[in-house]
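Q: One structure, pasted below without further comment.
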Amino acid sequence: MDKFLTVDADKCTGCRLCEQVCSVMHEGVSNPAKSRIQVVKWEQEGIYIPVICKQCEDAPCMNVCPVRAISRDPDFGFVKVDHEVCIGCRSCVGICPFGAMGYNDTTHQVFKCDLCGGDPQCVRFCEVNALEYVSADRVSSQKKRKGAARQSAAERQAVALG
Amino acid sequence: MALDRKIAYINLTTGDVEIKPIPLEMRKKFIGGRGMDAYLLYNHAPKGCDPIGPENPMIVSGGLLTATCASATARTHVMAKSPLTGLLGSCNMGGFFAPEMAWAGFHHLVITGKADKPVYLWIHNGEIEIRDAGHLWGKNSTDTQWAIRDELDDEEVKSMVIGQAGENLVTYACVMTGIKNAGGRTGLGCVMGSKNLKAVAVRGTMDIKIAHPVDALEHNKKFIDQITGAKVNQIQGALGTPFIWGATNCWGGVRTRNFQYNQMEYADEIEPEAIDDYAAETMGPHHMTGCFGCQVHCRAQYKIQSGLYKGKYDEGPEYTSLGAFGAEPDCKSIETVLTGNHLVNQYGVDNLEIGSMIAWAMELYELGILTTKETEGLDLRFGNDEALLQMVHNICTRTGWLGNVLADGGIPAAEKIGKNAFDYLIQVKGMNNLHSDERATPGLALNIATASRGSDHLRSRPAIDLYHLPEPVLRKIYSSPVPYDGPLSSEHTEYIGKPWQVFWQENVYMAVDCLGICKYHTVFLGATLPNFEDWPKVIYYNTGLEFTPREIWDAAERCNNLERLFNLREGLTRNDLKKGDTLNHRYFDEPCRRGAPDVIGKRIDRDKFNVMIDEFYKHHGWDNDGVPTSETLTRLGLENEPTRLL
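First to last, the sequence lines map onto chains B and R. Numbering-wise, the first sequence is residues 2 to 163 according to the working numbering. Numbering-wise, the second sequence is residues 248 to 893 according to the working numbering.
As structure tokens, then:
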């Protein structure tokens, strides 16, 4: 079954451990510039939003690639780059609406999230569960619960007002 | 590699910049961070130099493990001679500055000289530039950081800055980074201001190669589980350091009304749970934030809901802000605490010191030593929230006679105020104490009396002493990596065994400061947290360097002795009330008036205290005056210092 990496920015504490472990996992170095996930911050207001590839169904990076180097992994469903085919034109970097495609200036290759082959390290290390790796049927369950709680609170209030 | 990070020497008078590698043998001896800073300070500060003169070196550093794949390596350390104490100036802060500096290629900066006009340093991927800061002068700590980001057109720039307090040479001004991360103690923001240095801005995208990445990653996971598994860290993650304040206040260990009491009564409005509710109301249920790579996330976020600063966002308050704007001035309003916290963050001043100074002035006002003549009409009585906040402004901007006098620090202020004002100043080595009361806890009292940077809880506090752990548990912790078969007591009101505990804690805290790790990740508040035995693997996987637990201990002891040598050189003597290892007379003379049954009536026994000091010195291999013996210096390889190898 397809699993998705979900982000709940409300829970993110902004610690950037995900960036650290991602770059160590993929490159053997600590360097957020090479991390597949990045926490975008508005520090003045205390807002932190982890940004990572959404593995889009109709992926612009896949569509724009002139040499068809980008395809979908049949096992885990993530969008992947075949560096044997890639010509390094960075069209994918330009078109991604989330800025989730990166460019490594050491290897001169584009890079993106590959869900660590099914065991995303960012999720494994995120103790506050701002990042989760869940199956399709669970993808909106938390939101549903939250929404239901709001609704129930509103209903209780309405009843109380009579 | 972490090991290829460089040291830079920056002379602000001449504009010269020199960049050097850090030799491996120096790493083995001093590890990095605070330990290496101590070496650099001892070697580069001329004896007796003026703390706000150009020759005082300001050293900024990250630790050996900063930004590697280890947990919570966020700490920045800053060292210089302190304008507050005239002794060791040393502060440590969280946030994201040190990791960014490491990605920019540097572990240590040695900043000397004085710029002829305001400047800031721009450090980017191995390069260092001195830039004009005329347009930044006068700005508060956060506005300065955002203005630098705008100017450099990069949202990821991290800056260590001073606010107006540092510019105005308040002797306990902080260096700040982010919203509230403060290198708060010993007034190093004042040193920065004296150099006309408004900020150090860093940005880096250089790899830190991990020696054994797979092992480092797996070990980090285990480490984090150990750290977040500790109950104390789970509570920290929910309530932050106010939880310690609340717990301490319960048993009677919170300094109140400038040491008149040891507990604040009717504190419901500023209890940790109340602050949590407030923060949840203004920021949502997930309102905790953290430093780089840390899963403890001990800082609350909040918005002020009412008053002059309504709508302002800030982080905290910490224990110290609850002391500074709560118990010490005896103000019980959450709005006052949060506003005070916001003001000190913006001005860039040590909340702990300013709170103590104002509470001291309040007691002097109550006693008639200060009158409305000196306060220029301000009714500086305890519990006057408005006067408290007004004094924060006055001190940071050096407004009015009293504001200006208090901005000079406790001892100079006591001289200017005259009479017996000094007797009421709760300080050690010229620095005020944390808003805690140690009269019932001799181990903690020994800690603040002997801490290398003046009265301070983060240098050697055996905080787990308060948990009444069974003796075998204590023995397991405290007899490794160096055997100890002397007495140990589970009783926090006892004197026996405490000198060893304080000695052991001193080394453990030095070690984490050298590695660049936060103290919540070692035996500070939690007995099960990592210490000497756990670090060799982390160091090896991340850097490839091999240390045994004993070697880490020895390095920590070496660095502590360097700090001691610096203090002795600058005038520390054992019994000097202003520069020594002793406490204000009130610790010995005035018993606790409130608190738990085993706390009420307690005070420190002067004779037993002296025996503790003797024993403490003996553990170090220091003589009766607290001077390291020549055997000790030889054992630690310090006999030829200063050697000026770096």
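All C-beta atoms, glycine included, are put in the ideal place defined by N, C-alpha and C.
What residue does the alpha helix (DSSP H) around R:Cys-497 start on, and which one ends it?
A: As a first step, residue 497 of chain R is located in the second sequence; it is residue number 250 there, counting from the start. It spans 489 to 498 - the alpha helix (DSSP H) in which R:Cys-497 sits, taken as one unbroken run.
Q: Per DSSP, what kind of secondary structure is R:Leu-819 in: helix, strand or coil?
A: Your numbering for residue 819 of chain R matches position 572 in the second sequence. Correct three-state label for R:Leu-819: coil.
Q: Does DSSP put R:Met-530 in a helix, a strand or coil?
A: Taking the first residue of the second sequence as position 1, residue 530 of chain R is located at position 283. Three-state result, R:Met-530: helix.
Q: So, under 8 Å CB-CB, R:Gly-537 and R:Cys-578 are touching, yes? Tell me the CB distance rounded to an integer number of Å.
A: Looking up residue 537 of chain R in the second sequence gives position 290. Looking up residue 578 of chain R in the second sequence gives position 331. Between R:Cys-578 and R:Gly-537 the Cβ distance is about 29 Å, and since that is not below 8 Å, they are no contact.
Q: Within the 8 Å Cβ cut-off, does R:Ala-537 reach chain B?
A: Along the second sequence, one-based indexing puts residue 537 of chain R at 290. In the sequence as displayed, the identity of residue 537 of chain R is Gly instead of Ala. Yes, R:Gly-537 counts as interfacial toward chain B.
Q: What are the boundary residues of the alpha helix (DSSP H) that R:Met-340 is part of?
A: In the second sequence, counting from the first residue as 1, residue 340 of chain R sits at position 93. It is not in any alpha helix (DSSP H) - R:Met-340 instead sits in the beta strand (DSSP E) that spans 335 to 340.
Q: Return no unless some Cβ of chain R is closer than 8 Å to the Cβ of B:Glu-46.
A: Position 45 of the first sequence, counting from 1, holds the residue named residue 46 of chain B. Yes, B:Glu-46 counts as interfacial toward chain R.
Q: Check the DSSP bridge columns for R:Ala-327 and list the partner residues they point to.
A: On the second sequence, position 80 is the one that residue 327 of chain R refers to. According to DSSP, which records beta bridges pairwise, R:Ala-327 is partnered with R:Gly-336.
Q: For B:Leu-18 and chain R, any beta-carbon pair shorter than 8 Å?
A: For the purposes of this step, residue 18 of chain B is taken as the residue at position 17 of the first sequence. It does; some Cβ of chain R falls within 8 Å.
Q: Helix, strand or coil: which one does DSSP assign to R:Tyr-756?
A: By one-based count along the second sequence, residue 756 of chain R stands at place 509. Reduced to three states, the DSSP call for R:Tyr-756 is helix.
Q: Can you find a CB in chain B that lies within less than 8 Å of the CB of R:Lys-456?
A: Position 209 of the second sequence, counted from the start, is the residue given in the question as residue 456 of chain R. Cβ-Cβ to chain B under 8 Å: yes for R:Lys-456.
Q: Can you find a C-beta in chain R that's less than 8 Å from the C-beta of B:Asn-32?
A: What you label residue 32 of chain B is simply residue 31 of the first sequence in a count that begins at 1. For B:Asn-32, the answer is yes, since a Cβ of chain R falls inside 8 Å of its Cβ.
Q: Give the interface partners of B:Gln-21 over in chain R, defined as CB-CB distance under 7 Å, in chain order.
A: Position 20 of the first sequence, counting from 1, holds the residue named residue 21 of chain B. What B:Gln-21 touches in chain R: Cys-316 and Gly-540.
Q: Would you kindly check if the distance between the Cβ of R:His-544 and the Cβ of R:Gly-484 is under 8 Å?
A: Here residue 484 of chain R is taken as the residue at index 237 of the second sequence, counted from 1. Here residue 544 of chain R is taken as the residue at index 297 of the second sequence, counted from 1. A contact, by the Cβ cut-off of 8 Å.
Q: Out of curiosity, what's the CA-to-CA distance linking R:Lys-328 and R:Gly-848?
A: Locating residue 328 of chain R in the second sequence gives position 81, counting from the first residue. Locating residue 848 of chain R in the second sequence gives position 601, counting from the first residue. Each residue's alpha carbon lies about 39 Å from the other.
Q: Compare the C-beta of R:Gln-548 against all C-beta atoms of chain B and say whether one is closer than 8 Å.
A: Counted from its first residue, the second sequence places residue 548 of chain R at position 301. Yes, contact with chain B.
Q: Could you tell me which uninterrupted beta strand (DSSP E) segments, each at least 3 residues in length, are contained entirely in the segment 386 to 410 of chain R, listed from first to last along the chain?
A: Taking only runs of at least 3 residues, the beta strand (DSSP E) segments lying wholly in the segment 386 to 410 of chain R are 405 to 408.
Q: Return yes when the Cβ of R:Gly-540 is within less than 8 Å of the Cβ of R:Ser-318, no when it is not.
A: Walking along the second sequence from the start, residue 318 of chain R turns up at place 71. Walking along the second sequence from the start, residue 540 of chain R turns up at place 293. Result yes, Cβ atoms of R:Ser-318 and R:Gly-540 sit closer than 8 Å.
Q: For B:Gly-118 and chain R, any beta-carbon pair shorter than 8 Å?
A: Position 117 of the first sequence holds residue 118 of chain B. No - not a single Cβ of chain R is within 8 Å of the one on B:Gly-118.
Q: With a cut-off of 8 Å, does the C-beta of R:Ala-463 fall near any C-beta of chain B?
A: For this step, residue 463 of chain R is matched to residue 216 along the second sequence. Answer yes: the Cβ-Cβ gap between R:Ala-463 and chain B drops below 8 Å somewhere.
Q: The beta strand (DSSP E) spanning R:Gln-548 covers which residue range?
A: Counted from its first residue, the second sequence places residue 548 of chain R at position 301. 546 to 550 is the extent of the beta strand (DSSP E) around R:Gln-548.
Q: Drop a sphere of 10 angstroms on the beta-carbon of R:Gln-752, count the other beta-carbons inside from all chains shown, and report buried for 16 or more, exposed for fewer.
A: The count along the second sequence starts at 1 and reaches residue 752 of chain R at position 505. Classification of R:Gln-752: buried, given that the 10 Å Cβ count is 16 or more.
Q: Taking only the alpha-carbon atoms, compute the straight-line gap between R:Glu-600 and B:Glu-58 and give it to the nearest angstrom.
A: Here residue 600 of chain R is taken as the residue at index 353 of the second sequence, counted from 1. Here residue 58 of chain B is taken as the residue at index 57 of the first sequence, counted from 1. C-alpha separation (whole angstroms): 57 Å.
Q: Using C-beta distances below 6 Å, list every residue in its chain close to R:Lys-405, excluding the 5 sequence neighbours before and after it, in chain order.
A: Position 158 of the second sequence, counting from 1, holds the residue named residue 405 of chain R. Phe-343, Phe-344, Glu-347 and Val-449, listed in sequence order.
Q: Report the residue from R:Val-785, R:Thr-769, R:Gly-763 and R:Arg-840 whose alpha carbon sits nearest the alpha carbon of R:Leu-311.
A: On the second sequence, position 64 is the one that residue 311 of chain R refers to. Comparing Cα-Cα distances from R:Leu-311 to each of R:Val-785, R:Thr-769, R:Gly-763 and R:Arg-840, the minimum goes to R:Gly-763.
Q: So, at 8 Å on beta carbons, what are the nonlocal neighbours of B:Asn-130 in its own chain, with the 5 sequence-adjacent residues on each side left out?
A: Taking the first sequence and counting its residues from 1, one reaches residue 130 of chain B at position 129. Cβ neighbours of B:Asn-130 beyond the five flanking positions: Asp-9 and Lys-12.
Q: Threshold first: 4 residues or longer. Then list the alpha helix (DSSP H) segments lying entirely within the segment 604 to 681 of chain R, N to C.
A: Here the runs fully enclosed are 632 to 643, 647 to 653 and 657 to 664.
Q: Inspect the beta-carbon positions of R:Ala-314 and R:Tyr-788 and report whether they are closer than 8 Å.
A: Locating residue 314 of chain R in the second sequence gives position 67, where the first residue counts as 1. Locating residue 788 of chain R in the second sequence gives position 541, where the first residue counts as 1. The answer is no: Cβ separation not under 8 Å.
Q: Count Cβ pairs between the segment 70 to 82 of chain B and the segment 26 to 44 of chain B that sit closer than 8 Å; are there 3 or more?
A: Flag = no, the segment 70 to 82 of chain B and the segment 26 to 44 of chain B do not touch.
Q: The alpha helix (DSSP H) spanning R:Val-858 covers which residue range?
A: Here residue 858 of chain R refers to the residue found at position 611 of the second sequence. Counting along the chain, the alpha helix (DSSP H) containing R:Val-858 begins and ends at 853 to 867.
Q: Check whether the Cβ atoms of R:Asn-814 and R:Leu-331 lie closer than 8 Å to each other.
A: Here residue 814 of chain R corresponds to residue number 567 of the second sequence, with the count starting at 1. Here residue 331 of chain R corresponds to residue number 84 of the second sequence, with the count starting at 1. For R:Asn-814 and R:Leu-331, no; Cβs fall outside 8 Å.
Q: At least one CB of chain B closer than 8 Å to the CB of R:Thr-697: is that the case?
A: Along the second sequence, read from residue 1 onward, the residue named residue 697 of chain R stands at position 450. Answer no: the Cβ-Cβ gap between R:Thr-697 and chain B never drops below 8 Å.
Q: Are any of the Cβ atoms in chain B nearer than 8 Å to that of R:Gly-425?
A: Position 178 of the second sequence, counting from 1, holds the residue named residue 425 of chain R. Chain B contact via Cβ: present.
Q: With DSSP collapsed to three states, give me the class of B:Ile-88.
A: Position 87 of the first sequence, counted from the first residue, corresponds to residue 88 of chain B. Correct three-state label for B:Ile-88: coil.
Q: Given a cut-off of 8 Å, decide if R:Ser-603 and R:Asn-694 are closer than it, judged by their beta-carbon atoms.
A: By one-based count along the second sequence, residue 694 of chain R stands at place 447. By one-based count along the second sequence, residue 603 of chain R stands at place 356. No, these two residues do not count as a Cβ contact at 8 Å.
Q: Rounded C-beta distance between R:Asp-760 and R:His-324? I'm assuming under 8 Å.
A: Position 513 of the second sequence, counted from the start, is the residue given in the question as residue 760 of chain R. Position 77 of the second sequence, counted from the start, is the residue given in the question as residue 324 of chain R. Right, their Cβ atoms sit about 6 Å apart.
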